[in-house]
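S.K.: This note's numbering applies: residue 210 is where the sequence shown begins, and numbers increase by one.
Note that the Cβ used here is the ideal one computed from N, Cα and C, for glycine as well.
On a predicted model such as this, the values are computed, not experimentally measured, just so you know.
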Amino acid sequence: MTYIVGLTGGIGCGKSTITALFAELGVPIVDADIVAREVVAKGSPLLQQITDHFGQTILLPNGELNRAALRQKVFQDPEQTTWLNNLLHPAIRTEMLAQLHRINAPYVLWVVPLLFENHLEPFCNRILVIDVSEETQLQRASQRDQNSTALIRKIMQSQISRQQRLAKADDIINNEQPLEKNLDCLKDEVMKLHQYYLQLSQ
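In structure tokens form, the structure reads like this:
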């Protein structure tokens with residue numbers, strides 16, 4: 210089995226940026242967000258179940274899932290969130306583990322925003338947390354997704370706290386600085402961790 214490095218962090222911390230830097234080094238990536246899209250792709254049985262449950266309003270005109278519309282529906286209703294999670298999480302977990310098993314490389318980066326919340330850390334050999342302040346999370350996530358700060362706060366409250374996340378980390382990358390100022394430093398940090406993970410995987 211390939212050595213598994215779990216990468217996680219709160220909303221708006223810059224997981225995609227760091228993941229892309231590892232990918233540039235040729236590290237295979239299994240990304241929970243990508244798998245989550247794959248299991249509800251147009252024409253999939255899961256998308257049909259979601260449409261049956263919530264109605265056609267959660268579809269885009271082309272028949273794909275309107276993620277923003279679905280998010281608005283479930284985040285205001287804990288019962289609906291639970292229903293959706295019970296449907297999607299087992300399917301996403303099964304597909305992610307299948308992808309991890311198929312990889313033949315010294316190590317794989319497993320990118321899971323809710324790694325701790327979904328109790329997936331036992332599957333990881335090591336955990337890398339991308340860390341920023343809560344103020345930065347709010348600012349970046351609301352700019353990126355054009356969501357209200359109230360919705361972003363609600364999403365943040367549904368995730369474990371920054372302190373809990375850092376306490377569970379084996380490695381931490383601080384991504385507080387704006388990317389244009391910080392890219393070279395991030396590349397150096399990623400390269401050091403890459404060499405370290407290659408050693409650990411032997």
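Decide if G218 is buried, meaning its Cβ has at least 16 other Cβ atoms within 10 Å, or exposed.
M.R.: By the neighbour-count rule (16 or more Cβ atoms within 10 Å), G218 is buried.
S.K.: DSSP three-state call for D286: helix, strand or coil?
M.R.: Coil at D286, not helix or strand.
S.K.: Which residue or residues does DSSP assign as beta-bridge partners of N383?
M.R.: DSSP output for N383 lists D340 as bridge partner(s).
S.K.: Does the stretch 249 to 266 come into contact with the stretch 284 to 296, if we say contact requires no fewer than three beta-carbon pairs (one atom in each stretch) closer than 8 Å?
M.R.: The stretch 249 to 266 vs the stretch 284 to 296: in contact.
S.K.: Under 8 Å, with one C-beta from each stretch per pair, do the stretch 334 to 346 and the stretch 370 to 388 reach the 3-pair mark?
M.R.: Taking 8 Å as the limit for Cβ pairs, the verdict is that the stretch 370 to 388 does touch the stretch 334 to 346.
S.K.: Measuring alpha carbon to alpha carbon, tell me which of P254, A277, A314 ends up nearest L234.
M.R.: When only C-alpha atoms are compared, the closest one is A314.
S.K.: Have a look at D397 and A278 and give me their C-alpha separation to the nearest angstrom.
M.R.: Roughly 39 Å between the two C-alpha positions.
S.K.: Between the Cα of L337 and the Cα atoms of V320, P331, S351, which residue gives the shortest distance?
M.R.: Comparing Cα-Cα distances from L337 to each of V320, P331, S351, the minimum goes to V320.
S.K.: Looking at the secondary structure, which residues open and close the alpha helix (DSSP H) in which L197 lies?
M.R.: In the structure as shown, the chain begins at 210 and stops at 411. Residue 197 is therefore absent and cannot be evaluated.
S.K.: When the Cα atoms are used, what is the spatial distance from H403 to L216?
M.R.: So the two alpha carbons sit approximately 13 Å from each other.
S.K.: Here's a check: name, in chain order, each residue in its chain whose Cβ is nearer than 6 Å to the Cβ of I364, leaving out the five neighbours to either side.
M.R.: So the list reads I220, once near-sequence residues are dropped.
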